[in-house]
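Structure record follows, encoded as structure tokens.
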Amino acid sequence: MFLLDKIFKKYKLFKMSSKKAMKLAQKQAYAKHRSNITNSRFGSKKINFTSKVNKKNKKT
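Every letter in the sequence shown is one number past the one before it in numbering that gives the first Met the number 0, and letter 29, counting from 1, is 28.
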């Protein structure tokens, strides 16, 4: 019961059933997880690519 109260307070879901609240919380957590994976995967490649280009330009 404590977990559900915590979820209700976090997402401000006072007028929603516990089943719907849990489902919504899981969807939001999964979306955040996927965006973190995407950002870390493509964000690091951009940084590495720009640093490699800068190194090549400095040598010439």
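All C-beta atoms, glycine included, are put in the ideal place defined by N, C-alpha and C.
Quantities reported herein were computed from a predicted structural model and do not represent experimental measurements.
To the nearest angstrom, report how far apart residue i and residue j are at their CA atoms.
i   : j   : result
S16 : L23 : 11 Å
I36 : Y29 : 11 Å
S39 : Q27 : 18 Å
K80 : K18 : For residue 80 there is no data in the structure shown, the boundaries of the chain being 0 and 59.
Using C-beta distances below 8 Å, list every residue in its chain close to residue i, excluding the 5 sequence neighbours before and after it, in chain order.
i   : result
Q25 : none
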